[in-house]
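First up is the structure itself, then whatever we jot down about it.
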Amino acid sequence: MYVACVLISHLPVKVELLRQPALKGKTLLIVEQSGTRKTVIDRSPSANEIEVGMPLEKALSLRPDAALIEADMPLYSERWNGILDNLEQRSPVVEDVGLGLAYVDLSGLEKLYGGEAGIIKAVLDAVSQIYRPQVGVAGGKFPAYAAALQAESLGAVRAPEDAAAFLAEMSILHLPTSWKIKERLLDFGLDRMGSIARLPFNTMQGEFGKEGAWLWRLANGLDDTPLMPRQHEETFVREVSFATPTVSLPAIFVILESLLAKAYTGVLRGRFARVALLEGRVDNGSTWSKRIGFREPVGSCDRAMFVLRSRLDNMTLPGPLETLSLTLSGINGETGRQESMFPEVRHLARLDESIRELRVRLGQQPPIYRIREVEPWSRIPERRRALVAYDP
Amino acid sequence: MVANTRKAARAGGIRSLDAPLPVRVEVDADGRPIAISVPKSRGAVRKKNSKRELPCQWRQVSEVLDSWRIDDEWWRKAPIARVYYRVVMEDDRSVTVFHDLATGEWYGQGN
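Sequence order for the protein chains is W and Y. Counted from 1, the first sequence has number 270 at position 270 by this note's numbering; the numbering is strictly sequential. Counted from 1, the second sequence has number 1028 at position 28 by this note's numbering; the numbering is strictly sequential.
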């Protein structure tokens, strides 16, 4: 195996600093709420006493002066996925480990890029310099990660053959395991990789089980786990911007319905989606997202709208939305349709069919609209109702 | 795979009803409308994307039926401040116009 590790340390902090340059010079903690707990998902490089995964209370006790920022995961993911897309232009197998950490399979690429230096340059060029990437190259994923940690920004390090010796002085805090296990390792006085590697294999396995056996192998530079390529699945993605930012659910539902209509009359005609992801840009610069899994795959606009409406009805938005994007995923095969036995439904189906015929005849979308109430209570007349394209 | 088009987002397929249309208005010393340039034929609507103005004629306002003011979204960069007038024209046509206090322009709405 011949692997490069691409490491962008503190990616969330870098993204936040690009978005809000005024935060430069402050100690930042990016915090995410999971259930009732808040944990640190990233921190400024200056706050090196704080570890990722640390509970917020503990982090604040160490750095009470830190500025807290609520994690904007959709934004970080968008930036990170853009980087992964670029890496995939260089190598067909890229493993996404998480924000700021990816492995790239380099096997067989030497001739393409003219040797190892060429490959490393290609990998570094795939990432914008503002993110200051570090690259490590080794025969396994964990030694490559350790090499990337030792590389300077915009630089690369190749791990030597004797990976165990290379790792020996490295802190165990870099092991890919939970904070709880790291704390237990520290309680045992195992603060360096070398101290784990010197232990008998059975001792680690006996104390920490399967996880301990795996960590012992990593500490000895033995990592033959294969790269897991990114999964590409068929999705439907559309985004709409609001004329004026809104928190009004009826206005959001109207837009949502038009997006769903586009999906189910276009690429998803006669097909089903399992998951809907709603994302919006809030006018204070943050983003909002909501992932809704359908209990059963949904194959029509009306049914999808019913589910989304019932799930979003009591939702509170973090602020007025400027844009709304809908991503439908988990798309699966075509299926037959059963005609309705009720006359009014058949009547509507005939109307839809007539409009479809009209569209074919005109060669474009006929100018047929539905009047929908958007904000009927609004004092501003043009906000009360809207014309929504009728797209059967 | 359906690729993200990366096109600029827009409110595709959604149009607001009763969108304000610019009109020319003559006002008295108090700023109340006394004459309005209205389309010659009733119910005439300018075609979408058409640059040609509808043929209009000046009509005197015979009566102001009602007047009200709307102030909204004062927390935004472009707050809304309008004075509406429901008027009857000399040809008995009733028209709603408003004076946009932010820009000084006059608009007809819902006519």
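Ideal placement from N, C-alpha and C gives every residue a C-beta, glycine not left out. Remember, it's a predicted structure, so these values are computed and weren't measured experimentally.
Per-residue contacts from residue i into chain W (C-beta, under 8 Å)
i, result
"Gln1109/Y", "Pro381, Glu382"
Delimiting residues of the beta strand (DSSP E) encompassing residue i
i, result
"Trp1068/Y", "1056-1072"
"Gly206/W", "That residue, Gly206/W, is in no beta strand (DSSP E); its alpha helix (DSSP H) goes 201-219."
"Ser44/W", "Looking at the DSSP string, Ser44/W is not in any beta strand (DSSP E), and its letter there is neither H nor E."
"Lys290/W", "287-298"
"Glu322/W", "321-329"
"Arg393/W", "Since the first residue of chain W shown is 1 and the last is 392, residue 393/W is not available in this structure."
"Gln134/W", "134-138"
"Ala197/W", "Not the beta strand (DSSP E): Ala197/W falls in the alpha helix (DSSP H), residues 193-197."
Under 8 Å by beta carbon: chain Y residues contacting residue i
i, result
"Ile8/W", "By Cβ distance, chain Y contributes nothing, its closest Cβ being about 22 Å from Ile8/W, past 8 Å."
6 Å CB neighbourhood of residue i in its chain, flanking five on each side removed
i, result
"Ile255/W", "Val240, Leu324"
"Pro376/W", "Arg384"
"Arg1010/Y", "Its pLDDT being 48, under 50, Arg1010/Y is placed unreliably by the model, and the measurement read from it follows with that caveat. For Arg1010/Y, where only same-chain residues beyond five positions count, there are no Cβ hits under 6 Å."
"Ala1008/Y", "Interpretation of Ala1008/Y is limited by its pLDDT of 49, a score under 50 that renders its predicted location unreliable; no figure is taken from the coordinates."
"Lys1040/Y", "Pro1055, Gln1057"
"Met1001/Y", "Residue placement at Met1001/Y is poorly supported in this model, since its pLDDT is 47, which falls under 50; the coordinates are not used for a value here."
"Ala213/W", "Gln205"
"Glu279/W", "Pro74, Ser289, Ser325"
"Glu257/W", "Met305"
"Tyr103/W", "Val3, Cys5, Glu95, Lys141, Leu227"
"Ala67/W", "Lys26, Leu28"
"Glu370/W", "Reading the sequence as shown, one finds Arg at residue 370/W and not Glu. Cβ within range, chain order: Val388, Tyr390."
Opposing strand residues paired with residue i [DSSP bridges]
i, result
"Asp96/W", "Ala102/W"
"Asp1100/Y", "Arg1082/Y"
"Tyr369/W", "Ala389/W"
"Glu1026/Y", "Ala1035/Y"
"Met170/W", "According to DSSP, which records beta bridges pairwise, Met170/W is partnered with nothing at all."
"Ile30/W", "Asp42/W, Ile69/W"
"Cys5/W", "Tyr103/W, Gly136/W"
"Gly1108/Y", "Leu1021/Y, Val1097/Y"
"Met305/W", "Met305/W is not bridged to any residue."
"Asn332/W", "Phe272/W"
"Arg19/W", "For Arg19/W, which the question treats as bridged, DSSP gives no partner whatsoever."
"Arg37/W", "Ser34/W"
"Val456/W", "The question about residue 456/W has no answer here: the residues shown for chain W are numbered 1 through 392."
Own chain partners of residue i with C-beta closer than 7 Å, once the 5 adjacent residues on each side are dropped
i, result
"Ala164/W", "Ala197, Asn220, Gly221"
"Ala261/W", "Cys301, Asp391"
"Pro12/W", "Ile30, Ile41, Asp42, Ala71, Tyr76, Leu99"
"Glu1105/Y", "Pro1022"
"Ala386/W", "Val254, Arg372, Val374"
"Ser378/W", "Arg384"
"Ile181/W", "Phe208, Glu211"
"Met228/W", "Glu95"
"Asp1100/Y", "Arg1082, Tyr1107"
"Val1088/Y", "Ser1062, Glu1063, Leu1065, Ser1094"
Residues that residue i contacts on chain W, provided the C-beta gap is smaller than 9 Å
i, result
"Arg1015/Y", "Tyr369, Ala386, Leu387, Val388, Ala389"
"Ile1080/Y", "Arg379, Ile380"
Residue i: contacting residues in chain Y (beta-carbon distance under 9 Å)
i, result
"Ser329/W", "Within 9 Å Cβ-Cβ: nothing; Ser329/W doesn't reach chain Y, min ~10 Å."
Neighbour list for residue i in chain W, Cβ cutoff strictly below 7 Å
i, result
"Asp1072/Y", "Arg379, Ile380"
"Ala1019/Y", "Glu382"
8 Å CB neighbourhood of residue i in its chain, flanking five on each side removed
i, result
"Thr177/W", "Glu211, Leu215"
"Pro297/W", "Phe272, Ala273, Arg274, Gly330, Asn332"
"Ile120/W", "Ala4, Val135, Val137, Ala156"
"Lys14/W", "Ile8, Ile130, Tyr131, Arg132"
"Arg192/W", "Ala168, Glu169, Met170, Ser171, Ile172"
"Glu16/W", "Leu23, Leu28, Ile30, Ile69, Asp72"
"Met54/W", "Thr39, Val40, Trp179"
"Leu84/W", "Val94, Asp96, Ala102, Arg230"
Span of the alpha helix (DSSP H), counted from its first residue to its last, around residue i
i, result
"Glu183/W", "179-187"
"Gly121/W", "In the sequence on display, residue 121/W carries Lys and not Gly. Unbroken alpha helix (DSSP H) run through Lys121/W: 116-125."
"Arg1015/Y", "No alpha helix (DSSP H) contains Arg1015/Y, which is instead part of the beta strand (DSSP E) from 1014-1016."
"Ala349/W", "343-362"
"Leu149/W", "141-150"
"Glu49/W", "First-last for Glu49/W: undefined, no H or E at that position."
"Glu382/W", "381-384"
"Glu161/W", "Element bounds for Glu161/W: n/a, residue is neither H nor E."
"Glu110/W", "110-113"
Beta carbon proximity, residue i to chain A, threshold 8 Å
i, result
"Ser128/W", "Annotation note: the requested chain A is absent from the structure, which comprises protein chains W and Y."
Entirely within the segment 223-285 of chain W and at least 3 residues each: give me those beta strand (DSSP E) ranges in chain order. 236-246, 273-282
If we require 4 or more residues per run, which alpha helix (DSSP H) segments fall completely within the segment 53-94 of chain W? 56-62, 73-90
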